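> Those letters in the sequence shown? Residues -19 to -1, 1 to 406, per mature numbering (1 follows the signal peptide of the UniProt record, and there is no 0), in order. Backbone N, C-alpha and C fix where the C-beta goes; we use that ideal spot for every residue, glycine too. Note that this is a predicted model, so its numbers are computed, not measured. Let me begin by handing over the structure; questions about it come next.
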Amino acid sequence: MKPTLVAIAIACLADCVLSNQEASVSRVPGKKRFKLNEIHNKHFKGHNIPAAFLRTHLKYGSSLPPPLSRALKINPSLKSKYTSTTLYSNNTAQKGSVKTHAPPKFDSEFAVPVDIGTPPQTIPLNLDTGTADLWTFSSETNRQFIHGQALYHPENSSTSKLQSHQSWQIEYGDGDSASGIVYKDRVALGTTFVDQQTVQAAITVSPHISNNNFTSGILGMANSRGNAIRPTQGKTYIDNVRAQLEKPVFTANLRNRGPGNYNFGFINRSEYTGEIQYAAINSSSPFWEVTIGGYTIGKGGGGDFKKRVWNAIIDTGTSLLLLPDDIVSAYYSQIPDAAFDVKMGVMVFPCNADIPDFTFGIGPHRGRVPGEYIKYGPIDDTYCHGGIQSASGIPFAVFGAVALKAQFVVFNYERGIVGFANKKL
């Protein structure tokens, strides 16, 4: 990132307001823009909230919070998600692998098509702003781990080149992992392409990952400093391609009921309402980490705005909205009979309850997350899981799909800022 980002971040307080000028920038001749629609998994059966909650804590936390640890002790089903996976090894694994923060294992409701190689091989990947790796199942992957995934075949690409002595390993706190070797090859997304993009070809993956055959890997959109390749880190696709774009931005317009879309190189005024509010990212973090200035609980964003500063990362690869404990408590105190499920380690409430909206504030912007989005899925005929859960044990809050499906989000690489706007839901 540019050194000026440090000055921006220092100067910007919790309620910072950055210029909205990029929304009015004219088109640049020769530069590219495109819209990328998500592909929907027609076999998707719904989210497993306890598993999603556990995975996010394993990704970002140094240890599990005590309530979740206690739930693991008393719930064999939850514990099996934590301990049953065997870490597979392989004699062909390259030297130099290191452990790194891993992206959440797949939320396989949606994917985006990515073309790799010459001629192009279309591979469905998860677009994930919470990781900096582009990795995929490949013809190098051990056969025992392949269950119908689309594979990248470097041997069928005239532009692939193995990167000797380079390797990668992503390991989860529950033992799940993926690791392998590195190629450089042509990668295309929309109307853009990179001829020497690093592609992390999996050799081994854990069963919990390999059992998902809708997607074949991850397209990471975080800062390249978080890349898992060693000894020399690779650049993310967006870092490599941003000079080709009209503007060094992409936007996320995720939807609650059906596929959303990502736009690259431009901001579509028809996809949001009101104004876009920008916040500087934490320049020392590899994530899209911003400061939130407060919140409101109540229908339509009504109620008193409570000033309360906290940091949050914007993560399209996470399902839930994880918040500081005091905010979680304040939210569920407004729902009669909401309670902490000690066996699952998550907050639950009666499915027939009237669920309040949650509204966060950045400067003058009030980003509303409807209560219906927070009613995340039934446990049984009576109780439902909550889409808001605790970020205890994680150094920041996590704005996952629960929040992002209610917002229009702008990721600006050049200026190191994230923008938020409300939209028609």
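Does DSSP put LYS80 in a helix, a strand or coil?
The count along the sequence shown starts at 1 and reaches residue 80 at position 99. Per-residue confidence for LYS80 stands at a pLDDT of 30, beneath the threshold of 50, marking its modelled position as unreliable; the derived number appears in the next sentence. Of the three classes helix, strand and coil, the one that applies to LYS80 here is coil, per DSSP.
> Which same chain residues end up closer than 6 Å to THR99 when comparing Cβ atoms and leaving out the 5 residues on each side of it in sequence?
Counting from 1 along the sequence shown, the entry for residue 99 is found at position 118. SER138, SER139, THR140, ARG167.
> Quickly, what does DSSP pair GLY201 with across the bridge? List them, please.
Working through the sequence shown from its first residue, we reach residue 201 at position 220. Under DSSP, the beta-bridge partners assigned to GLY201 are ASP109.
> Among all the DSSP beta bridges, which residues are the ones paired with GLN359?
Looking up residue 359 in the sequence shown gives position 378. The residue asked about is misnamed: residue 359 is Pro in this sequence, not Gln. Per DSSP, the beta bridge partners of PRO359 are CYS365.
> Any idea what DSSP makes of VAL6, helix, strand or coil?
For the purposes of this step, residue 6 is taken as the residue at position 25 of the sequence shown. Caution applies to VAL6, whose pLDDT of 42 falls short of 50 and renders its modelled position unreliable; the model cannot decide the point.
> Out of LEU304, PHE195, ASN263, which has the shortest C-alpha to C-alpha gap to GLY275?
Position 294 of the sequence shown holds residue 275. The shortest C-alpha separation from GLY275 is found at LEU304.
> Just verifying my parser: in three-state terms, what is the DSSP assignment at ILE219?
Along the sequence shown, read from residue 1 onward, the residue named residue 219 stands at position 238. ILE219: helix per DSSP, three-state reduction.
> Whole angstroms are fine: how far does the CA of TYR394 sit from the CA of ASN249?
Position 268 of the sequence shown holds residue 249. Position 413 of the sequence shown holds residue 394. Cα-Cα distance, rounded: 17 Å.
> Is the number of C-beta pairs between the region 308 to 320 and the region 239 to 256 that are closer than 8 Å three or more?
no
> Considering only residues of the same chain and omitting the five flanking positions on each side of ALA(-13), which have a CB-CB separation below 7 Å?
Taking the sequence shown and counting its residues from 1, one reaches residue -13 at position 7. Caution is warranted here: a pLDDT of 37 is assigned to ALA(-13), below 50, making its placement in the model unreliable, and the coordinate value is therefore given only provisionally. Nothing meets the Cβ criterion.
> Once DSSP output is grouped into helix, strand and coil, what is the label at GLN214?
Against the sequence shown, residue 214 aligns to sequence position 233. Looking at GLN214 - three-state DSSP - the assignment turns out to be coil, as it is neither helix nor strand.
> Quick check on this structure: which residue in GLN150, SER120, LYS216 has the alpha carbon closest to the alpha carbon of GLN177?
Along the sequence shown, one-based indexing puts residue 177 at 196. Nearest option by C-alpha distance: LYS216.
> Using the C-alpha atoms, what's the distance from LEU235 back to TRP149?
The sequence position of residue 149 within the sequence shown is 168, counting from 1. The sequence position of residue 235 within the sequence shown is 254, counting from 1. Whole-angstrom Cα-Cα distance: 30 Å.
> Could you check how far apart the C-beta atoms of GLN102 and PHE118 are, in whole angstroms? I think they sit under 8 Å.
Your numbering for residue 102 matches position 121 in the sequence shown. Your numbering for residue 118 matches position 137 in the sequence shown. No, GLN102 and PHE118 are not in contact; Cβ-Cβ is about 12 Å, not under 8 Å.
> Alpha carbon to alpha carbon, how far is ASN18 from CYS122? Give it in angstroms, no decimals.
Against the sequence shown, residue 122 aligns to sequence position 141. Against the sequence shown, residue 18 aligns to sequence position 37. The amino acid occupying residue 122 in the given sequence is Thr; Cys does not appear at that position. If I take the Cα positions, the gap works out to 28 Å.
> For the pair the region 373 to 393 and the region 317 to 336, tell me if three or more CB-CB distances fall below 8 Å.
At 8 Å Cβ cutoff, the stretches do not touch.
> Keeping to the same chain, check which residues put their C-beta closer than 7 Å to that of THR272; ignore five residues upstream and five downstream.
As a first step, residue 272 is located in the sequence shown; it is residue number 291 there, counting from the start. The residues are ALA(-6), ALA260, VAL290, ASN292.
> Please state if the CB of LYS280 and the CB of PRO337 are separated by a distance shorter than 8 Å.
As a working mapping, residue 337 is identified with position 356 in the sequence shown. As a working mapping, residue 280 is identified with position 299 in the sequence shown. Contact: yes.
> Going by DSSP, what residues sit across from ASN292 in a beta bridge?
For the purposes of this step, residue 292 is taken as residue 311 along the sequence shown, with counting starting at 1. DSSP output for ASN292 lists THR272 as bridge partner(s).
> Does the ligand FAD have even one heavy atom less than 7 Å from the beta-carbon of ALA293?
Because no ligand of any kind appears in the structure shown, any question about the ligand FAD cannot be addressed here.
> Rounded to the nearest angstrom, what separates ALA387 and PHE15 at their Cα positions?
Position 406 of the sequence shown, counted from the first residue, corresponds to residue 387. Position 34 of the sequence shown, counted from the first residue, corresponds to residue 15. ALA387 and PHE15 have their C-alpha atoms some 22 Å from each other.
> Is it right to say LYS288 is buried, meaning 16 or more other beta carbons lie within 10 angstroms of its own, or is it exposed?
Counted from its first residue, the sequence shown places residue 288 at position 307. Its Cβ having fewer than 16 others within 10 Å, LYS288 is exposed.
> Quick one: what's got a C-beta closer than 7 Å to GLY171's C-beta in the same chain, skipping five residues either side?
Position 190 of the sequence shown, counted from the first residue, corresponds to residue 171. PHE15, LEU17, PHE245.
> Sorted by chain position, which residues of the same chain lie with C-beta nearer than 7 Å to LEU108's C-beta, five sequence neighbours on each side aside?
Reading the sequence shown from its first residue, position 127 is the one you call residue 108. These residues qualify, in order along the chain: VAL93, LEU200, MET202, TYR243, THR297.
> Just to confirm, is the Cβ distance from ILE20 to PRO105 under 8 Å?
In the sequence shown, counting from the first residue as 1, residue 20 sits at position 39. In the sequence shown, counting from the first residue as 1, residue 105 sits at position 124. Yes. Within cutoff.
> Pull up the distance between the alpha-carbon of LEU115 and that of ARG349, whole angstroms please.
Taking the first residue of the sequence shown as 1, we reach residue 115 at position 134. Taking the first residue of the sequence shown as 1, we reach residue 349 at position 368. Distance between the alpha carbons of LEU115 and ARG349 is about 32 Å.
> Where ILE360 and GLY255 are concerned, what is the direct C-alpha to C-alpha distance, given to the nearest angstrom?
Numbered from 1 along the sequence shown, position 379 holds the residue referred to as residue 360. Numbered from 1 along the sequence shown, position 274 holds the residue referred to as residue 255. Near 37 Å, if we compare the C-alpha coordinates of GLY255 and ILE360.
> When you compare each of ALA384, LYS13, LYS12 to ASN237 by their alpha carbons, which one comes out closest?
Reading the sequence shown from its first residue, position 256 is the one you call residue 237. Measuring from the Cα of ASN237, the nearest candidate turns out to be ALA384.
> Can you grab the Cα-Cα spacing for the pair PHE174 / LYS12, in whole Å?
Your numbering for residue 174 matches position 193 in the sequence shown. Your numbering for residue 12 matches position 31 in the sequence shown. In this structure, the straight-line span from the alpha carbon of PHE174 to that of LYS12 is close to 12 Å.
> Go ahead and label ASP220 buried or exposed: buried means 16 or more other beta carbons lie within 10 angstroms of its beta carbon, across all protein chains shown.
Numbered from its first residue, the sequence shown carries residue 220 at position 239. Its Cβ being crowded by 16 or more others within 10 Å, ASP220 is buried.
> Assuming SER158 is part of the alpha helix (DSSP H), what are its boundary residues?
To locate residue 158, count along the sequence shown from 1; it is residue 177. It is not in any alpha helix (DSSP H) - SER158 instead sits in the beta strand (DSSP E) that spans 158 to 170.
> When DSSP builds the beta bridges, which residues end up paired with MET328?
Looking up residue 328 in the sequence shown gives position 347. In DSSP, MET328 forms a bridge with PHE321.
> With VAL186 and TYR133 assumed to form a contact (beta carbons below 8 Å), what rounded beta-carbon distance in angstroms separates them?
Sequence index remark: in the sequence shown, residue 186 carries index 205 (1-based). Sequence index remark: in the sequence shown, residue 133 carries index 152 (1-based). With 8 Å as the limit, VAL186 and TYR133 do not qualify as a contact, their Cβ atoms being about 13 Å apart.
> Any idea what DSSP makes of LYS62, helix, strand or coil?
Stepping through the sequence shown from its first residue, residue 62 is reached at position 81. Residue confidence for LYS62 is low, a pLDDT of 48 falling below 50, so the modelled location carries little weight and cannot support an answer.
> With ASP96 as the anchor, note down where its beta strand (DSSP E) starts and where it stops.
What you label residue 96 is simply residue 115 of the sequence shown in a count that begins at 1. 91 to 97 is the extent of the beta strand (DSSP E) around ASP96.
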